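Input: a single structure, listed below in structure tokens.
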Amino acid sequence: MAEQKKRSRQRSKSRSERAEKPRAEKPRAEKKTQPTAGFSDMQLSEVMLAALTKADYLEPTPVQAGLIPRAIAGEDLMGQAQTGTGKTAAFAIPILEGLEPQGKKADPQALVLVPTRELAVQVRDEFIKLAAGRKTHIVALYGGKPIREQAEKLRRGTDVIVGTPGRLMDFMNRGTLQMGNLRLVVLDEADRMLDIGFRPDIEKILRHCPRSRQTLLFSATIPPPVRRLAERYMRKPDMLDFSTKDVAVETIEQFYFTVDPEKKFELLAQLIRREDPAQAIIFCRTRRGTDRTSRRLAKKFDRVAGIHGDLMQQSRDRVMADFRSGKIRLLVATDVMGRGIDVTSISHIINYDIPEFCDDYIHRVGRTGRMGREGVAYTFVTPEEGNELTRVEMRINRLLKRAEIAGFEAADKPEPSEDKPSAKPVFGRRQRRIRRAL
Ligand code: AMP
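Residue numbers (the working numbering): 114 to 551.
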């Protein structure tokens, strides 16, 4: 602890010393509106304040307000936060503020580990946005793209690396990734990285990072494996809870339909016609299911696409770009692909297949209702999946409302839910309900 405090004091001292030095880079952005007290209280550099103004980030989100000052002071921190809470900037700002000016062919000073290629691109882009006015080199290293291109970027020198564990291991094994200069490492979406099976890679990577580094970990959920990772590789991290369970509960309307499996597709088509979503993600459990559903939807609706891990990287990038720009309205996705999608105009989430893991429900639903907007989520539940629905409800501490479209009720109807309270559910009631299959 004393060691940590000392470390933290040393870091804050050296950072404040750096802050006093005139910066080589001048802000290029014109000032429109000054960020409000929140950001200007954080003793950020002029160039950073200008970048925030340019990005139109006028007030810090709760994650940013809670995390940035302590991360700048050098603490190891765990943040329970989903995408959509502004967590990327919460680690990008301290990283950018802590970078030492370097010459050409510099070795990276910060490393961000992310679970998917899509997230790597998204995080890199957020860094680029926030690095406006600086000569900072940010490189994304992820699979599905030729390694040579990325290796060339790395060779030219870089300050920040954002990468997926698999591709980073490739670079480490080739000896082309220099890690001796790393001062800050971020594990983003740690729970998902562990779900995917990246634990051995993550551990190897962390073991190659300097011990004196600072480590930040973000995770939507903190199951025991994430906690164990933090215990082994972080220095007494403080845990800050910014979980959006309440946001999901309060701002996203959540319904379920009971439906027979063979009627699911027709129900989906009817629901889309009825709701006419601005943009929707339709989640399926499997890649094949994703393909099949998107093919069938495309016969009935325009602007439909599917995305899953079997697609070529180029196709995935194109689908994501089209979804972001609004060219695609209905995106059918698997959990891994859907996770981390950050498009504010997503109005609807449709769980065509109920997720296998409860936490995936939270991740899926969190794709809507972004940045305080309203959203709605529908979950299709077949008669055999009653217990899965109950598990989801226990996980989010809320009962989903039953929705109906005439002609699509499951033949095997649920019992009347006499125990559906209008106020917040209490645990005992839900426990009774878990025994009742639909
Ligand atoms: P994230 O949780 O990092 O995926 O961020 C979600 C979205 O919020 C991104 O589109 C960011 O550009 C945006 N964002 C992050 N911080 C702010 C802020 N302080 N003000 C407005 N938008 C923000």
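Glycine residues also receive a C-beta, built at the ideal position from the N, C-alpha and C atoms.
All values reported here derive from a predicted model rather than from experimental measurement.
Between Y369, L254 and E379, which has its C-alpha nearest V498's C-alpha? The question names Val, but residue 498 in the sequence shown is Glu. Relative to the Cα of E498, the nearest Cα in the group Y369, L254 and E379 belongs to Y369.
Nearest-angstrom Cα separation, counted from G520 out to P529: Because the pLDDT at P529 is just 36, under 50, the model does not fix this residue reliably, and the value given afterwards should be weighed accordingly. Each residue's Cα considered, the two are about 18 Å apart.
DSSP three-state call for Y474: helix, strand or coil? Look at Y474 here: in three-state DSSP terms it is helix.
Report the option in C397, T399, R400 and A382 whose CA atom is closest to the CA atom of K412. Put simply, of C397, T399, R400 and A382 the residue whose alpha carbon is nearest the alpha carbon of K412 is A382.
Indicate, with yes or no, if the ligand AMP has a heavy atom lying under 7 Å from the CB of T201. Yes, since a heavy atom of the ligand AMP falls inside the 7 Å radius drawn around the Cβ of T201.
Reference T334, options I475, G187, A434 and K514, closest by Cα: Ranking the options by Cα distance to T334, first place goes to I475.
Give me the residue from R287, D154, G279 and G257 with the minimum Cα distance to R268. R268 has its Cα closest to that of R287, out of R287, D154, G279 and G257.
Environment of G199 [buried if 16+ CB atoms lie within 10 Å]: Taking all protein chains shown into account, G199 has 16 or more neighbouring C-beta atoms within 10 Å of its C-beta and is therefore buried.
Can you list, in chain order, the stretches of the alpha helix (DSSP H) that have 4 or more residues and sit fully within the segment 480-511? Within the segment 480-511, complete alpha helix (DSSP H) segments of at least 4 residues are found at 499-509, given in chain order.
Rounded C-alpha distance that separates L502 from F396: So the alpha carbons of these two residues sit roughly 15 Å apart.
At least one CB of chain C closer than 8 Å to the CB of R287: is that the case? You won't find chain C in this structure, because it holds only one protein chain.
Taking the alpha carbon of M282 as the reference point, which residue from E302, G482, E379 and I315 has its own alpha carbon closest? When each option's Cα is compared against that of M282, the closest is I315.
Would you mind stating whether A168 and K242 have Cβ atoms separated by less than 8 Å? Here A168 is near K242, since their CB atoms are less than 8 Å apart.
Could you name the residues of the same chain whose beta carbon sits closer than 7 Å to that of G256, not counting the 5 residues immediately before and after it, in chain order? Excluding the 5 residues flanking it on each side, G256 has same chain C-beta neighbours closer than 7 Å at R230, T277, G279 and R280, in chain order.
Mind checking whether the beta-carbon of Q177 lies closer than 7 Å to any heavy atom of the ligand AMP? True, at least one ligand heavy atom lies under 7 Å from that Cβ.
Going by Cα to Cα distance, which pick from V236, M433 and P214 is closest to G270? That would be P214, whose Cα lies nearest to the Cα of G270.
Entirely within the segment 212-283 and at least 4 residues each: give me those alpha helix (DSSP H) ranges in chain order. Listed in chain order, the complete alpha helix (DSSP H) runs (minimum 4 residues) inside the segment 212-283 are 230-243 and 260-268.
Could you compute how far the alpha carbon of A391 sits from the alpha carbon of D220? Rounded to the nearest angstrom, the two C-alpha atoms are 44 Å apart.
With 16 other Cβ atoms within 10 Å as the buried cut-off, status of E344: E344 is exposed by the Cβ-count criterion.
In or out: Q427 buried (at least 16 other Cβ within 10 Å) or exposed? Q427 is classed as exposed because its beta carbon has fewer than 16 other beta carbons within 10 Å across all chains shown.
Which whole-angstrom value is the C-beta distance of M155 and P182, which I expect to be below 8 Å? Contact holds; Cβ gap of about 6 Å.
Does the structure place the segment 250-264 close enough to the segment 306-315 that three or more beta carbon pairs sit under 8 Å? Taking 8 Å as the limit for Cβ pairs, the verdict is that the segment 250-264 does not touch the segment 306-315.
Just to confirm, are L297 and A223 a CB contact at a threshold of 8 Å? L297 places its beta carbon less than 8 Å from that of A223.
D354 lies in the beta strand (DSSP E); which residues open and close that run? Residues D351 to D354.
To the nearest angstrom, report how far apart D448 and K317 are at their CA atoms. Distance between the alpha carbons of D448 and K317 is about 26 Å.
List the residues that DSSP assigns as beta-bridge partners of V299. Looking at the DSSP assignment, V299 forms a beta bridge with V225 and L329.
Could you work out which residue in L254, V456 and L384 is closest to G482 when comparing CA atoms only? The shortest CA-to-CA distance from G482 to any of L254, V456 and L384 is the one to V456.
Quick check on DSSP: helix, strand or coil for M306? Three-state result, M306: helix.
Unbroken stretches of the alpha helix (DSSP H), 4 residues or longer, contained in the segment 166-204: Runs of the alpha helix (DSSP H) inside the segment 166-204: 175-185.
Leaving out the 5 sequence neighbours to the left and right, which residues in its chain are closer than 8 Å to M347 when beta-carbon positions are compared? Contacts found: D189, M191, T328 and L330.
E239 and S158 closer than 8 Å at C-beta: When the beta-carbon positions are compared, E239 and S158 stay at least 8 Å from each other.
Can we count G197 as close to the ligand AMP, meaning its CB is less than 7 Å from some heavy atom? Between the ligand AMP and the CB of G197, the shortest heavy atom gap is smaller than 7 Å.
Rounded to whole angstroms, how far is the Cβ of V160 from the Cβ of V225, which I believe are closer than 8 Å? Distance from V160 to V225 at the Cβ level is roughly 20 Å; contact not present, criterion being Cβ atoms closer than 8 Å.
Where the alpha helix (DSSP H) through Q426 begins and ends: Run containing Q426: Q426 to S438, per the alpha helix (DSSP H) assignment.
Reduced DSSP category for A382 - H, G, I as helix; E, B as strand; rest coil: Helix at A382.
Looking at the structure shown, is R416 part of a helix, part of a strand, or coil, going by DSSP? Shown here, R416 sits in coil according to DSSP, grouped into three states, outside any helix or strand.
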